[in-house]
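According to the working numbering, the sequence shown is numbered sequentially starting from 2.
Where a beta carbon is used, it is the ideal one built from N, C-alpha and C, also for glycine.
In this text the structure is predicted, and so the values were computed from the model without any measurement.
Read the structure below first, then the notes.
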Amino acid sequence: MRAQTVKKQISQKMIARDEPIRACNITASNQNVYLIQLERAGIISRKWHDGQGYKIAYFKDDEQRKKAIEWLKARGVKVA
2 MRAQTVKKQI SQKMIARDEP IRACNITASN QNVYLIQLER AGIISRKWHD GQGYKIAYFK
62 DDEQRKKAIE WLKARGVKVA
């Protein structure tokens, strides 16, 4: 149950900010676990950030963004 809540919060934050985020931007333990789960579901994409030691999560295109919105709506979250 907690995992679904955190994944919803991550998706909402990414939609609202419309910019890539890092795991450290998420206030939950094991942030990367949730990002990996969303990536495997095809809801977000992740890549290494310009040779730095961390990955950023982002929407690669509008289709992926729409998929995230639909995923949230299917779980009862209102998205603007």
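- Query: Should Gln38 and Lys14 be called a contact, given that it needs their Cβ atoms to be closer than 8 angstroms?
  - Reply: no
- Message: Cutting at 7 angstroms between CB atoms, please list the residues of its own chain near Trp49, excluding the five before and the five after it.
- Response: Lys56
- Name the one or two DSSP bridge partners that Ser46 has. Tyr59
- Task: Tell me where the alpha helix (DSSP H) around Glu40 begins and ends.
- Result: Gln32 to Arg41
- Message: For Ala58, count the other beta carbons within 10 Å of its own beta carbon; 16 or more makes it buried, fewer makes it exposed. Which is it?
- Response: buried
- Message: Buried or exposed, going by whether 16 or more other CB atoms sit within 10 Å of the CB of Ala69?
- Response: buried
- So who's on the other strand from Ile22, going by DSSP bridges? Ala58
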